[in-house]
Amino acid sequence: MSGAPAIEVSHLSKVFGGRSAVDDVSFSVGKGEVFGFLGPNGAGKTTTVRMLGTLIAPTSGSASVAGLPLGPANDAEIRQRISITTEAPGLYTRLTVAENLDFFARLYGLPGRQARIFEALSAVGLADRADDLCGSLSKGLKQRASLARSLLNEPEVMFLDEPTSGLDPVAAHDVLELVNGLRERGVTVFITTHRLDEAERLCDRVAILNTRLRTIGTPDELRRTLFTRSLAITTAAPLDKPDEVFGGLPAVKGWQASGPAGGNGPAGYVLSVTDPAAAAPGVTRALVAGGADVLSITETRHSLEDVYLELLGDGEGRS
Amino acid sequence: MINTVRTGAVIRKELAEIRRNKFIIVTSSILPVVFLVEPTLSILLTKASATSAMLATRVDVSLFVPLLVPVLIPATMSAFSVVGEREQGTLEPVLTTPVTRVELIGGKAAAIFMPSVGLSYLMFGVFIAIVALFAKPAVATEMWNAPQLPAEVVFIPLLAAWAIWVGLAVSSQVSDTRVAQQFSVLASLPAIALVALMSFRIVTPSLWLAVVLAVALLAIDCGACFVVAGLFDRERLVTGTRSRQRTVVPGTVRRLPPVRQSGGTS
């Protein structure tokens, strides 16, 4: 991730018939980065991909993709340098996998087509299905064939629009492995998805969109920005005087009981801290000194889903 | 600048799809057979003793019917060409490649033109061969002397091209295959109506008129590629909405809280 960004977007907007689909969106994606674009249905994710892929023109704003500014003069060259995997595989079902890829290889004007096709099919594990009709493939295999098609022109920037939509877990896992492979090859990947777990696992940075850009950063940065860091503690029995135990610790900004409280069973506490790793030893010592039997002490991890719901779960998630 | 490799790729792909679509093969074969049987029977059943007026009428009708084939077959095939791809979800991936509108439309047109014209000439050739071999000499002579005969050879590709451009134009504009097929057949009729007027001698046919019409149709066919390509709006085909480039609509933007920016790599 160095040098000029692979994608640079500045105040990009798109209006369809008076309805704003994308509104004043700005961000940049570094070369070789895997960038996740998240948002609810109708948030403008696909519209953004289509604008950056030169399929539709922005209403206002500007962008550069693969080093070229968007505009009619550069459309063909940008298309040569990028590839877009659409949500639907979009394969010609009466043609074989190899024939589908051959068609696209010719459209890209690629030399050594047969070698490229074999290489692309091998990359997605479909080399042995080259002569199968696309209509006979399962949905997962079609999506793989679609990815192979996108690899043909060795794109600098690859847009993946909901690549795992409708796939079973195994097929989705295979697709994500392929994306990981792209990262190793240095391809910039711009991925839109609904699956927050896969975005968290896969993406260097994510942006959350709901017509307007709501936030952008690494998953860890978003967690830190939106949530107080905390330690979750479970003791064998409720503390007699938790205020005394936690109140004297400078690293602890506050605490609250969580989980089962009262009685003689295990009890839970959540402590707000500045740095969980630094605070944990002192907290453990204080608990032991207070006579508590500590069952567990862990840093509370907020998932990307928590971030997403925090930003969009207030009803703005539906646009 | 038209890239012949890309145009060739579109032609190859379209022909392969046509070849493997049994529905297209069957329906495209039935129509010429029907239009071959009717004029053939009409000519073969004409008696040598028929009056010259009846003979002329039979020949006129028999030479008009084969002209329906190069209109109807490409009209239905081209009507499916764009909207069909759109419905199957195959159009958007193609539009993400460097292929231009003229290359895509031109390739599709060429791929429909070749089998349509080939089939029309084949049918016409079979009809002529049957007449030469089996028609009564007086009837055959009337046929060989008909001015429509050489005109037919010229008009078959011109009418096919017209029907293809009309079909592609309609297919680029509508979002439903059935509507596209209905419209394209209807829109192809004016050309065939003009030929019908001459075939049935409502407009007196002459070599001069045929040449003028042929040249006009040729000019329209040549220019139509660019006109139809102009109608091929990527944005509308992808989103269903016409492109309105760089026109900010004030007051339509819903304001949301400002973006929270955390870090970045670029």
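Chains as they are written, first to last, in the numbering used here: chain A, 1037 to 1355; chain B, 2 to 267.
Glycine included, C-beta positions come from ideal geometry on N, C-alpha and C.
Residues that DSSP places opposite residue i in a beta bridge
{"i": "A/Trp1291", "result": "A/Leu1307"}
{"i": "B/Asp222", "result": "Looking at the DSSP assignment, B/Asp222 forms no beta bridge with any residue, so it has no partner."}
{"i": "A/Pro1105", "result": "A/Ser1100"}
{"i": "A/Met1194", "result": "A/Ser1119 and A/Val1225"}
{"i": "A/Glu1335", "result": "A/Leu1267"}
{"i": "A/Phe1063", "result": "A/Val1045"}
{"i": "A/Val1330", "result": "A/Thr1271"}
{"i": "A/Leu1169", "result": "A/Thr1132"}
{"i": "A/Ser1056", "result": "A/Val1051"}
Local Cβ density within 10 Å of residue i, reported as buried at 16 or more and exposed below that
{"i": "B/Gln246", "result": "Low local confidence applies: a pLDDT of 48 at B/Gln246 is under 50, so the model's placement there is unreliable, with the coordinate-based value given in what follows. The residue is exposed, with fewer than 16 neighbouring Cβ atoms inside 10 Å."}
{"i": "B/Ile12", "result": "buried"}
{"i": "B/Ala217", "result": "exposed"}
{"i": "A/Ile1269", "result": "buried"}
{"i": "A/Leu1091", "result": "buried"}
{"i": "B/Cys223", "result": "exposed"}
{"i": "B/Pro94", "result": "buried"}
{"i": "A/Asn1246", "result": "buried"}
{"i": "B/Ser200", "result": "buried"}
{"i": "B/Ser30", "result": "exposed"}
{"i": "A/Leu1307", "result": "buried"}
{"i": "A/Lys1277", "result": "exposed"}
{"i": "A/Tyr1305", "result": "buried"}
{"i": "B/Leu92", "result": "buried"}
{"i": "A/Arg1152", "result": "buried"}
{"i": "A/Ser1355", "result": "Confidence at A/Ser1355 is low in this model, with a pLDDT of 37, below 50, so its placement is unreliable and no value can be given for it."}
{"i": "B/Gln182", "result": "buried"}
{"i": "B/Thr142", "result": "exposed"}
{"i": "B/Thr8", "result": "buried"}
{"i": "A/Val1065", "result": "buried"}
{"i": "B/Trp209", "result": "exposed"}
N-terminal and C-terminal residue of the alpha helix (DSSP H) that residue i is part of
{"i": "B/Ile25", "result": "Lys23 to Leu45"}
{"i": "B/Ala133", "result": "Arg102 to Phe135"}
{"i": "B/Phe233", "result": "Looking at the DSSP string, B/Phe233 is not in any alpha helix (DSSP H), and its letter there is neither H nor E."}
{"i": "B/Met2", "result": "Here B/Met2 belongs to no alpha helix (DSSP H), and DSSP marks it neither H nor E."}
{"i": "A/Asp1358", "result": "With chain A represented from 1037 up to 1355, any question about residue 1358 of chain A goes unanswered, as that position is not in the structure."}
{"i": "B/Gly168", "result": "Gln149 to Gln174"}
{"i": "A/Ala1315", "result": "Pro1312 to Ala1325"}
{"i": "A/His1209", "result": "Pro1205 to Glu1220"}
{"i": "B/Ile74", "result": "Val70 to Gln89"}
{"i": "A/Lys1388", "result": "Nothing can be reported for residue 1388 of chain A: it is not among the residues displayed for chain A, which extend from 1037 to 1355."}
{"i": "B/Asp61", "result": "Ser53 to Phe65"}
{"i": "B/Asn146", "result": "Pro138 to Asn146"}
{"i": "A/Asp1342", "result": "Leu1340 to Leu1348"}
{"i": "B/Val204", "result": "Unbroken run through B/Val204: none, as it is neither H nor E."}
Listed by chain order, chain B residues near residue i by CB distance under 8 Å
{"i": "A/Ile1092", "result": "Arg235, Glu236, Val239, Thr240 and Ser244"}
{"i": "A/Ser1119", "result": "Thr97"}
{"i": "A/Arg1185", "result": "Pro94"}
{"i": "A/Ala1112", "result": "Pro99 and Thr101"}
{"i": "A/Leu1131", "result": "Lys14, Ala17, Glu18 and Arg21"}
{"i": "A/Phe1073", "result": "Within 8 Å Cβ-Cβ: nothing; A/Phe1073 doesn't reach chain B, min ~14 Å."}
{"i": "A/Arg1086", "result": "Val239 and Thr240"}
{"i": "A/Phe1052", "result": "Thr240 and Thr242"}
Opening and closing residue of the beta strand (DSSP E) in which residue i lies
{"i": "A/Phe1073", "result": "Val1070 to Leu1074"}
{"i": "A/Glu1044", "result": "Ile1043 to Phe1052"}
{"i": "A/Ile1244", "result": "Arg1241 to Asn1246"}
8 Å Cβ cut-off: residues of chain A touching residue i
{"i": "B/Val6", "result": "Arg1142 and Gly1145"}
Partners in chain A for residue i, counting only beta-carbon separations shorter than 9 Å
{"i": "B/Gly90", "result": "Thr1122, Glu1123, Ala1124, Pro1125, Gly1126 and Leu1127"}
Contacts that residue i makes with chain A (C-beta to C-beta distance below 7 Å)
{"i": "B/Ala110", "result": "Those within 7 Å of B/Ala110 in chain A number zero; the least Cβ separation is about 17 Å."}
{"i": "B/Val100", "result": "Leu1143"}
{"i": "B/Ala10", "result": "Phe1139, Arg1142 and Leu1143"}
Interface partners of residue i on chain B, CB under 9 Å
{"i": "A/Gln1116", "result": "Thr98 and Pro99"}
{"i": "A/Phe1226", "result": "By Cβ distance, chain B contributes nothing, its closest Cβ being about 13 Å from A/Phe1226, past 9 Å."}
Where residue i meets chain B, residues with beta-carbon distance less than 7 Å
{"i": "A/Glu1135", "result": "Ala17"}
{"i": "A/Gly1089", "result": "Thr97"}
- Below 8 Å, can you find three or more Cβ-Cβ pairs linking the stretch 67-78 of chain B to the stretch 33-42 of chain B? yes
- For the 8 Å Cβ check, are there 3 or more pairs between the stretch 1196-1208 of chain A and the stretch 1130-1147 of chain A? no
- Message: Any contact between the stretch 136-147 of chain B and the stretch 47-60 of chain B? By contact I mean 3 or more CB pairs, one from each, below 8 Å.
- Response: yes
- Item | the stretch 125-142 of chain B touching the stretch 92-105 of chain B, judged by at least three CB pairs closer than 8 Å | no
- Item | Validate contact between the stretch 1182-1189 of chain A and the stretch 1152-1160 of chain A using beta carbons, cut 8 Å, 3 pairs | yes
- Item | Given 8 Å, three or more beta-carbon pairs between the stretch 1254-1269 of chain A and the stretch 1333-1341 of chain A | yes
- When the Cβ atoms of the stretch 1086-1105 of chain A are set against those of the stretch 1044-1054 of chain A, are three or more pairs found closer than 8 Å? yes
- Quick one: any contact between the stretch 187-204 of chain B and the stretch 166-175 of chain B, if contact means 3 or more CB pairs under 8 Å? yes
- Message: I want to know whether the stretch 1114-1130 of chain A touches the stretch 1186-1198 of chain A - three or more CB-CB distances under 8 Å.
- Response: yes
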